[in-house]
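Engineer: Residue numbers (our numbering), protein chains in the order written: chain A, 1 to 204; chain H, 1 to 204; chain L, 1 to 204; chain W, 1 to 204.
Idealized CB from N, CA, C, for every residue including glycine.
Below are the structure tokens for one structure; questions will follow.
Protein chains: 4
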Amino acid sequence: MKEIKLASSRRVGAESSATRTVILDATERLMLEEGYAAVSTRSVAGRAGLKAPLVHYYFPTTDDMLLAVYRRSADQNLERLSGALASDQPLRALWSLSTDQTRTALAVEFMAMANHRKLIGAEIARYVERFRAMQAEMLVRVLGDGVVDARAGDLKRCPPAGLSMLLAGVSRALIMEASLGISAGHAEAIAFVEGWLRSVETGV
Amino acid sequence: MKEIKLASSRRVGAESSATRTVILDATERLMLEEGYAAVSTRSVAGRAGLKAPLVHYYFPTTDDMLLAVYRRSADQNLERLSGALASDQPLRALWSLSTDQTRTALAVEFMAMANHRKLIGAEIARYVERFRAMQAEMLVRVLGDGVVDARAGDLKRCPPAGLSMLLAGVSRALIMEASLGISAGHAEAIAFVEGWLRSVETGV
Amino acid sequence: MKEIKLASSRRVGAESSATRTVILDATERLMLEEGYAAVSTRSVAGRAGLKAPLVHYYFPTTDDMLLAVYRRSADQNLERLSGALASDQPLRALWSLSTDQTRTALAVEFMAMANHRKLIGAEIARYVERFRAMQAEMLVRVLGDGVVDARAGDLKRCPPAGLSMLLAGVSRALIMEASLGISAGHAEAIAFVEGWLRSVETGV
Amino acid sequence: MKEIKLASSRRVGAESSATRTVILDATERLMLEEGYAAVSTRSVAGRAGLKAPLVHYYFPTTDDMLLAVYRRSADQNLERLSGALASDQPLRALWSLSTDQTRTALAVEFMAMANHRKLIGAEIARYVERFRAMQAEMLVRVLGDGVVDARAGDLKRCPPAGLSMLLAGVSRALIMEASLGISAGHAEAIAFVEGWLRSVETGV
DNA sequence: AATGAATGAGATTTCATTCAT
DNA sequence: CATGAATGAAATCTCATTCAT
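Here's what the structure looks like:
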């Protein structure tokens with residue numbers, strides 16, 4: 001049983017440092033292009049044009065670095081989500097966000113990584129619960145008074161949290177499978193969700 | 001630039017060897033218990049009570065070993081799926097299979113790994129396309145004559161391949177999130193799918 | 001508080017391997033010539049003309065390596081001590097052993113190292129207690145029936161275990177100080193111990 | 001071959017600075033609690049609540065810092081020793097000083113470190129010779145007229161410098177072994193020395 | 001007086017893999 | 001079949017120290 005090391009609280013390198021940003025950017029790009037397993041302090045340093053120990057100056061442990069990348073990305077997502085939910089087509093905006101290639105691909109990488117980076121896993125869990133709550137709130141507002149009954153098997157009566165979960169699962173699967181070159185059923189699934197969106201919008 | 005290794009002409013352990021099976025079992029257990037990143041020839045050998053070079057005798061490269069584990073598991077899944085599709089409650093049997101903890105967790109690990117193991121990714125793509133085709137065939141048979149129209153936003157008129165995709169995405173997300181301790185929306189999503197199943201079965 | 005890692009029980013490299021011996025020898029020489037702080041897998045490998053990972057093949061962790069060196073040396077000392085105690089001048093033989101430059105210097109290095117290598121410290125404690133018991137047994141035999149009374153302040157009536165402790169302390173201090181270039185009082189202390197030895201032998 | 005660093009002309013913090021004292025205190029505490037190997041500019045800075053470069057501002061090299069700690073401690077010891085030797089029970093006061101846990105433990109750490117810190121070793125040698133001379137002077141005064149003859153094997157006729165050496169060796173060994181959890185012979189050795197003290201005091 | 005940034009060197013391991021026996 | 005021995009490559013991190021500000 002491995003000991004779980006807490007991410008060090010030691011603060012190093014100002015939040016605003018340009019070098020710090022360069023490191024986060026390089027890590028993010030690496031994860032997207034080569035998968036999270038390609039991320040090491042060495043590879044990040046190389047990609048960023050820095051020496052490896054400098055990466056450790058800013059992020060004492062690799063977990064610190066990955067957490068910083070995740071938080072930056074998740075915070076951006078929170079902001080975008082806020083905007084989307086406040087728009088006049090919140091459902092459509094949410095779906096558009098969920099199927100954003102880059103953002104979702106990054107989120108999927110982090111989920112894959114969570115299995116052996118417990119700190120990352122815990123952080124993801126926190127954020128996902130927040131995302132889901134925000135979305136559910138919007139869904140209540142938009143889908144409104146219709147009688148909710150999960151067991152009806154009718155998407156229009158599915159409870160908000162369930163809907164949020166379904167959308168997340170489908171969008172993540174689309175992105176993940178696409179990266180493997182899988183396309184079977186994708187067009188149909190997308191068409192279905194968009195059909196549903198339209199039907200909700202037109203109130204039919 | 002990594003060198004691409006040609007299939008070596010080296011002698012390799014027979015498919016039927018008991019030791020070979022021990023290695024596959026150990027790898028599978030390791031992946032499930034500690035995540036795919038915990039798999040190395042060393043760790044597998046340790047878990048199996050063997051020496052590392054012996055693992056290489058049976059599987060020249062780590063990819064060979066992982067591919068063998070994946071194929072064995074995927075072939076078992078194909079068989080189970082065949083059985084499920086031939087049962088008298090094929091839809092329900094399919095959903096039950098999709099939410100099987102162990103099998104799905106393993107599949108998710110392989111998908112996570114696919115990003116930096118291109119051979120694995122290609123193999124997964126091949127199998128997923130087969131799974132989806134088999135399922136679509138069954139869905140056509142069961143849901144049959146209803147007019148299919150993805151853009152209707154009605155689950156009962158969703159094209160089979162799309163349905164298969166949706167179910168896969170949801171079940172994978174349930175398993176993956178559960179392993180992170182996320183539960184928001186899970187009960188609702190499950191209830192929804194099961195409500196839909198019932199409504200299809202009862203023909204309502 | 002750092003976790004104390006147990007020395008791995010993984011057995012690697014036959015006890016009899018020549019390379020294994022080369023590594024132990026190199027480590028011992030390094031400790032004697034440059035102090036225990038100079039010992040690293042790298043430096044040992046360099047000194048032994050080997051690659052660093054090979055050292056780890058034989059000794060998975062640095063503690064494993066140091067423990068092996070300590071045990072080999074301590075076991076040799078046990079044997080020598082046995083011989084000394086069985087000789088016809090056991091007291092003199094013991095003192096001669098205690099002031100053996102190389103052996104004692106090595107023991108002193110290990111004691112110094114024990115502070116931050118808890119495994120080493122525990123092993124030393126075990127051996128020292130054994131050494132002291134063996135010596136006490138001999139002292140009882142040789143100094144025999146004289147009434148023992150520690151509080152008399154007379155070396156000839158000091159309890160055996162106390163005598164053993166005193167001799168160990170003095171001999172270690174002589175060696176340690178000599179390595180620092182300190183000589184004040186050394187000749188006198190040595191003369192004193194040897195005078196005592198003679199007086200015991202001649203029974204005066 | 002290491003380069004010998006010339007005393008740099010760089011500015012250095014004043015002797016009187018409070019920060020300087022904080023650094024020395026932190027180093028001393030670290031050495032006592034975790035052993036000398038735990039001392040690094042980083043760890044000291046951390047313990048003192050300072051940044052590493054500031055430590056270098058006061059002590060250009062690590063050796064400078066360690067030397068300062070040693071000198072401060074040794075000077076305090078000199079003073080205490082002066083007091084002890086001037087007391088009306090100088091022998092007992094000396095023994096009490098020699099077995100002072102903290103002071104002796106620190107001295108032992110420095111001795112252990114001396115092997116690979118040549119500057120420290122040289123400084124220790126200088127101080128030890130002074131200590132021994134001061135003690136010998138006192139011993140001459142107290143034990144006085146008895147005919148000195150090291151070869152007699154009688155503690156009461158042991159030359160002063162030899163006595164000083166013996167006491168130092170025993171007390172250091174007691175402290176060092178106690179820290180390893182060794183206790184065999186300790187009570188007896190202590191009782192013996194104290195018995196001797198009493199017999200000298202009572203003139204028996 | 002203090003600190004953020006940076007770096008070369010090194011420590012301790014782990015890994016996949018090869019090869020001779 | 002099986003294993004002991006060996007190795008190049010890399011991962012993660014620490015250290016002392018410098019320098020500009």
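From what residue to what residue does the alpha helix (DSSP H) around glutamate 15/H run?
Structural biologist: Along the second sequence, one-based indexing puts residue 15/H at 15. No alpha helix (DSSP H) contains glutamate 15/H, which DSSP labels as neither H nor E.
Engineer: Please report the distance separating the alpha-carbon of serine 87/H from that of valine 142/H.
Structural biologist: Residue mapping note: residue 87/H aligns to position 87 of the second sequence, counting from 1. Residue mapping note: residue 142/H aligns to position 142 of the second sequence, counting from 1. Their backbone Cα atoms lie some 12 Å apart in a straight line.
Engineer: Let me make sure I understand the geometry here. Which of Leu24/A, Ser179/A and His186/A has the alpha-carbon closest to that of leucine 167/H?
Structural biologist: Taking the second sequence and counting its residues from 1, one reaches residue 167/H at position 167. For leucine 167/H, the nearest C-alpha among the options comes from His186/A.
Engineer: Would you tell me roughly how many angstroms separate the C-alpha atoms of histidine 56/L and serine 183/L, rounded to the nearest one?
Structural biologist: Residue mapping note: residue 56/L aligns to position 56 of the third sequence, counting from 1. Residue mapping note: residue 183/L aligns to position 183 of the third sequence, counting from 1. Roughly 41 Å separates the two Cα atoms.
Engineer: Sorted by chain position, which residues of the same chain lie with C-beta nearer than 7 Å to aspartate 159/A's C-beta, five sequence neighbours on each side aside?
Structural biologist: If you number the first sequence from 1, residue 159/A lands on position 159. In the sequence as presented, aspartate is not what sits at residue 159/A; that position holds proline. Taken in chain order, the residues that qualify are Val148 and Ala150.
Engineer: Between glutamate 28/W and serine 73/W, how many whole angstroms is the CB-CB distance? I'm expecting something under 8 Å.
Structural biologist: Here residue 28/W refers to the residue found at position 28 of the fourth sequence. Here residue 73/W refers to the residue found at position 73 of the fourth sequence. So it is a contact: roughly 7 Å between Cβ atoms.
Engineer: Applying the 10 Å Cβ sphere with the 16-neighbour rule, what's the burial state of serine 164/L?
Structural biologist: Here residue 164/L refers to the residue found at position 164 when the third sequence is read from its first residue. The residue is buried, with at least 16 neighbouring Cβ atoms inside 10 Å.
Engineer: What does the alpha-carbon distance come out to for the pair aspartate 181/L and glycine 46/A?
Structural biologist: As a first step, residue 181/L must be located in the third sequence, where it is residue number 181. As a first step, residue 46/A must be located in the first sequence, where it is residue number 46. A small fix is needed here, since residue 181/L is glycine in this sequence, not aspartate. The straight-line gap from Cα to Cα measures roughly 50 Å.
Engineer: For threonine 99/L, which three-state DSSP category applies?
Structural biologist: On the third sequence, residue 99/L is found 99 positions in, with the first residue counted as 1. Looking at threonine 99/L - three-state DSSP - the assignment turns out to be coil, as it is neither helix nor strand.
Engineer: How about leucine 85/H and methionine 138/H: are their beta carbons less than 8 Å apart?
Structural biologist: Counted from its first residue, the second sequence places residue 85/H at position 85. Counted from its first residue, the second sequence places residue 138/H at position 138. In contact: leucine 85/H and methionine 138/H (Cβ atoms closer than 8 Å).
Engineer: Taking any Cβ of chain W, which residues in the region 33–51 of chain L have a Cβ under 8 Å from it, in chain order?
Structural biologist: Per Cβ criterion, the list reads Glu34, Gly35, Tyr36, Ala37 and Ala38.
Engineer: Within 10 angstroms of its Cβ, does aspartate 63/A collect 16 or more other Cβ (buried), or is it exposed?
Structural biologist: In the first sequence, the residue the question calls residue 63/A occupies position 63. So aspartate 63/A ends up on the buried side.
Engineer: Determine the DSSP secondary structure at aspartate 154/W, reduced to helix, strand or coil.
Structural biologist: Working through the fourth sequence from its first residue, we reach residue 154/W at position 154. Aspartate 154/W: coil per DSSP, three-state reduction.
Engineer: Shortest alpha-carbon distance to tryptophan 196/W belongs to which of Gly162/L, Ser171/L and Gly153/L?
Structural biologist: Here residue 196/W refers to the residue found at position 196 of the fourth sequence. It is Gly153/L whose Cα lies nearest to the Cα of tryptophan 196/W.
Engineer: For valine 69/H, which residues from the same chain have a beta carbon less than 7 Å from its beta carbon, with the 5 sequence-adjacent residues on both sides left out?
Structural biologist: The residue labelled residue 69/H in the question sits at position 69 within the second sequence. So the qualifying residues of the chain are Leu24, Thr27 and Glu28.
Engineer: What in chain A is Cβ-close to methionine 176/H, meaning under 8 Å?
Structural biologist: As a first step, residue 176/H must be located in the second sequence, where it is residue number 176. Under the 8 Å cutoff, chain A gives Met111.
Engineer: Would you report the Cα separation of methionine 65/W and alanine 48/L, rounded to the nearest angstrom?
Structural biologist: Here residue 65/W corresponds to residue number 65 of the fourth sequence, with the count starting at 1. Here residue 48/L corresponds to residue number 48 of the third sequence, with the count starting at 1. About 34 Å.
Engineer: Can you list, in chain order, the residues of its chain with a C-beta nearer than 6 Å to that of alanine 114/L? Leave out the 5 residues immediately preceding and following it.
Structural biologist: For the purposes of this step, residue 114/L is identified with residue 114 of the third sequence, where counting begins at 1. Cβ within range, chain order: Ile120, Gly121 and Ile124.
Engineer: With a 10 Å radius around its C-beta and 16 neighbouring C-beta atoms as the bar for buried, classify alanine 18/H as buried or exposed.
Structural biologist: On the second sequence, residue 18/H is found 18 positions in, with the first residue counted as 1. By the 10 Å Cβ count, alanine 18/H comes out exposed.
Engineer: CA-CA distance, leucine 30/A and alanine 133/A?
Structural biologist: Mapped onto the first sequence, residue 30/A falls at position 30. Mapped onto the first sequence, residue 133/A falls at position 133. The straight-line gap from Cα to Cα measures roughly 31 Å.
Engineer: For serine 8/L, which of helix, strand or coil comes out of DSSP?
Structural biologist: Numbered from its first residue, the third sequence carries residue 8/L at position 8. Annotation note: pLDDT 45 at serine 8/L (below 50); position unreliable, coordinate value reported separately. Coil at serine 8/L, not helix or strand.
Engineer: Report all residues from its chain with a CB closer than 8 Å to the CB of glutamate 177/H; omit the five preceding and five following residues, and keep chain order.
Structural biologist: As a working mapping, residue 177/H is identified with position 177 in the second sequence. Within the same chain, glutamate 177/H has close Cβ partners Ser183 and His186.
Engineer: Roughly how many angstroms separate the alpha carbons of glutamine 89/W and threonine 202/L, rounded to a whole number?
Structural biologist: Taking the first residue of the fourth sequence as 1, we reach residue 89/W at position 89. Taking the first residue of the third sequence as 1, we reach residue 202/L at position 202. Their Cα atoms are separated by approximately 36 Å.
Engineer: Might you give, ordered along the chain, the residues of its own chain that have their beta carbon closer than 8 Å to the beta carbon of valine 200/A, omitting 5 neighbours on each side?
Structural biologist: Start at 1 with the first residue of the first sequence, and residue 200/A comes out as number 200. Leu91, Val142, Leu143 and Lys156, listed in sequence order.
Engineer: Can you name the start and end residues of the alpha helix (DSSP H) that histidine 56/W belongs to?
Structural biologist: Position 56 of the fourth sequence, counting from 1, holds the residue named residue 56/W. 52–58 is the extent of the alpha helix (DSSP H) around histidine 56/W.
Engineer: Taking 8 Å as the threshold (beta carbon to beta carbon), is asparagine 77/W in contact with chain L?
Structural biologist: Position 77 of the fourth sequence, counted from the first residue, corresponds to residue 77/W. Output row for asparagine 77/W: interface = no.
Engineer: For asparagine 77/W, I'd like the list of residues in its chain whose CB is within less than 7 Å of its CB, leaving aside the five on either flank, ordered along the chain.
Structural biologist: For this step, residue 77/W is matched to residue 77 along the fourth sequence. Counting only Cβ-Cβ distances below 7 Å, and skipping sequence neighbours, we find Arg103.
Engineer: Return the chain-ordered list of same chain residues with a C-beta closer than 7 Å to the C-beta of arginine 42/L, the five sequence neighbours on each side being excluded.
Structural biologist: As a working mapping, residue 42/L is identified with position 42 in the third sequence. Cβ neighbours of arginine 42/L beyond the five flanking positions: Ala52.
Engineer: Considering only C-alpha positions, which residue in the set Glu194/W, Ala173/W, Leu81/W and Ala105/W is nearest to alanine 136/W?
Structural biologist: Residue numbering aside, residue 136/W sits at position 136 when the fourth sequence is read from its first letter. Answer by Cα proximity: Leu81/W.
Engineer: Check the C-beta distance from leucine 32/A over to leucine 106/A and give it rounded, since I have them as a contact under 8 Å.
Structural biologist: Against the first sequence, residue 32/A aligns to sequence position 32. Against the first sequence, residue 106/A aligns to sequence position 106. That pair is a contact at about 6 Å.
Engineer: Could you spell out the range, first to last residue, of the alpha helix (DSSP H) harbouring threonine 202/L?
Structural biologist: As a first step, residue 202/L must be located in the third sequence, where it is residue number 202. Run containing threonine 202/L: none; DSSP gives neither H nor E here.
Engineer: Going along the chain, which residues of its own chain have a beta-carbon closer than 8 Å to the beta-carbon of serine 171/L, five neighbours each way excluded?
Structural biologist: Numbered from 1 along the third sequence, position 171 holds the residue referred to as residue 171/L. Once the five neighbours on either side are set aside, the close Cβ partners of serine 171/L are Trp95, Ser98, Thr99 and Thr104.
Engineer: Our contact map puts tyrosine 36/A next to glutamate 109/A with C-beta atoms below 8 Å; I'd like the distance itself, whole angstroms only.
Structural biologist: Within the first sequence, numbered from 1, the residue matching residue 36/A stands at position 36. Within the first sequence, numbered from 1, the residue matching residue 109/A stands at position 109. At roughly 5 Å, the Cβ-Cβ gap stays under 8 Å, so tyrosine 36/A and glutamate 109/A are in contact.
Engineer: Heavy atom of the ligand ATP less than 7 Å from the Cβ of glutamate 194/A, yes or no?
Structural biologist: The ligand ATP is absent from the structure shown, which contains no ligand whatsoever.
Engineer: How is the alpha helix (DSSP H) around glycine 83/A delimited, first residue to last?
Structural biologist: Start at 1 with the first residue of the first sequence, and residue 83/A comes out as number 83. Note, glycine 83/A: alpha helix (DSSP H), 62–86.
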